[in-house]
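Numbering (the working numbering), first residue to last: 1 to 283.
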């Protein structure tokens with residue numbers, strides 16, 4: 001089985017202390033066919049704090065200047081690719097909130113050093129990151145309104161499409177389900193999700209199977225099998241797999257399960273990216 005991990009974080013992400021050398025060495029121990037470093041880069045807080053108004057800054061949770069993290073990560077991985085020439089090390093980034101600062105997103109998308117871009121939405125306009133929202137204080141109508149705005153932004157992101165794979169599309173339910181046992185019915189958004197997948201398929205873009213939900217107690221990958229199958233039904237061919245590891249111990253976690261989900265959805269190949277071009281592996 002060709003195992004890959006194409007969504008991981010290191011010391012260059014604000015929420016990880018994982019040493020990048022230890023991560024690479026662990027990926028080698030696991031005999032991964034491809035390993036991508038994809039540290040966080042949130043477009044909506046790319047600049048130092050003084051660039052933003054007080055109204056905007058309240059959504060940053062005291063962390064700004066993602067341009068610094070981006071440059072640190074990409075420079076480090078670019079150099080390490082020269083050191084680990086016999087290993088399939090991929091220079092990537094997890095680009096968050098592209099629609100909230102298109103100019104920054106375009107700049108990231110045009111960086112020639114990048115092999116791979118995951119596009120994610122961790123928060124939507126005028127809302128906290130889904131991690132910080134207090135769902136206990138929300139009615140189900142408010143939750144469904146929040147999710148409708150999220151999936152609308154996902155659709156706009158897919159129409160823009162200057163990335164390689166869409167990251168953890170059902171991230172929006174991670175914390176409401178994990179912490180509060182709130183399990184909204186996502187089927188009411190199936191139409192716009194299908195339209196988003198159609199946009200991706202038309203552009204030869206992909207989605208990822210993010211396995212973090214398995215170890216975090218959600219009980220499924222992001223997205224679950226039904227949406228991986230829907231992506232295939234909409235013509236999708238590009239499928240990546242990532243653990244979303246923020247520690248050395250979590251690197252590669254449950255990626256074999258992700259491959260089994262890909263098979264169950266009807267895929268016989270997964271892929272990684274080099275120089276923004278998909279390379280397919282049989283599964």
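Built from N, CA and C at the ideal position, the CB exists for glycine as well.
Note to self: Check this for me: beta carbons of residue 150 and residue 124, under 8 angstroms apart or not?
What the structure shows: Counted from its first residue, the chain shown places residue 150 at position 150. Counted from its first residue, the chain shown places residue 124 at position 124. If you check the CB distance, residue 150 and residue 124 come in under 8 angstroms.
Note to self: Pairs of beta-carbons, one from the segment 233-247 and one from the segment 53-73, closer than 8 angstroms: are there three or more?
What the structure shows: no
Check: Taking 8 angstroms as the CB-CB limit, is residue 23 close to chain B?
Finding: The structure shown contains no chain B; it is built from a single protein chain.
Notebook entry, point to check: Which residue's Cα is closest to the Cα of residue 170: 223, 207, 38 and 203?
Noted result: Stepping through the chain shown from its first residue, residue 170 is reached at position 170. Of the candidates 223, 207, 38 and 203, the one whose C-alpha sits nearest the C-alpha of residue 170 is 223.
Item checked: Under the three-state DSSP convention, the category residue 41 falls into -> If you number the chain shown from 1, residue 41 lands on position 41. DSSP places residue 41 in strand when its eight states are reduced to three.
Notebook entry, point to check: Which of helix, strand or coil does DSSP assign to residue 151?
Noted result: In the chain shown, the residue the question calls residue 151 occupies position 151. Of the three classes helix, strand and coil, the one that applies to residue 151 here is helix, per DSSP.
Notebook entry, point to check: Can you check whether the CB of residue 114 is closer than 8 angstroms to the CB of residue 96?
Noted result: Translated into positions along the chain shown, residue 96 becomes position 96. Translated into positions along the chain shown, residue 114 becomes position 114. The answer is no: Cβ separation not under 8 angstroms.
Item checked: residue 51, buried or exposed, once every other Cβ within 10 Å from all chains shown has been counted against 16 -> Counted from its first residue, the chain shown places residue 51 at position 51. Looking at its Cβ environment, which holds fewer than 16 other Cβ atoms inside 10 Å, residue 51 is exposed.
Checklist line | residue 240 in three-state terms, based on DSSP | finding: Against the chain shown, residue 240 aligns to sequence position 240. It is a strand residue.
Note to self: Quick check on residue 205: buried or exposed, where buried means 16 or more other Cβ atoms within 10 Å of its Cβ?
What the structure shows: Here residue 205 is taken as the residue at index 205 of the chain shown, counted from 1. Burial is judged here by how many other beta carbons sit within 10 angstroms of a residue's own beta carbon; residue 205 has at least 16 and is buried.
Item checked: Environment of residue 73 [buried if 16+ CB atoms lie within 10 Å] -> Taking the chain shown and counting its residues from 1, the one referred to as residue 73 is at position 73. Residue 73 comes out buried.
Margin query: Taking the beta strand (DSSP E) that residue 269 belongs to, which residues open and close that run?
Written below: Residue mapping note: residue 269 aligns to position 269 of the chain shown, counting from 1. Here the beta strand (DSSP E) through residue 269 covers 269-274.
Next item on the list: Give me the Cα-Cα distance between residue 363 and residue 42, rounded to the nearest whole angstrom.
Entry: This structure leaves residue 363 out entirely; the chain is present only between 1 and 283.
Check: Hey, is the segment 142-161 in contact with the segment 181-188, meaning 3+ C-beta pairs nearer than 8 angstroms?
Finding: yes
Note to self: Please state the DSSP three-state secondary structure of residue 10.
What the structure shows: As a first step, residue 10 is located in the chain shown; it is residue number 10 there, counting from the start. In the structure shown, residue 10 sits in coil (DSSP, three-state: anything other than H, G, I, E or B).
Next item on the list: Can you check DSSP and say which residues form a bridge with residue 208?
Entry: To locate residue 208, count along the chain shown from 1; it is residue 208. For residue 208, which the question treats as bridged, DSSP gives the partners 240.
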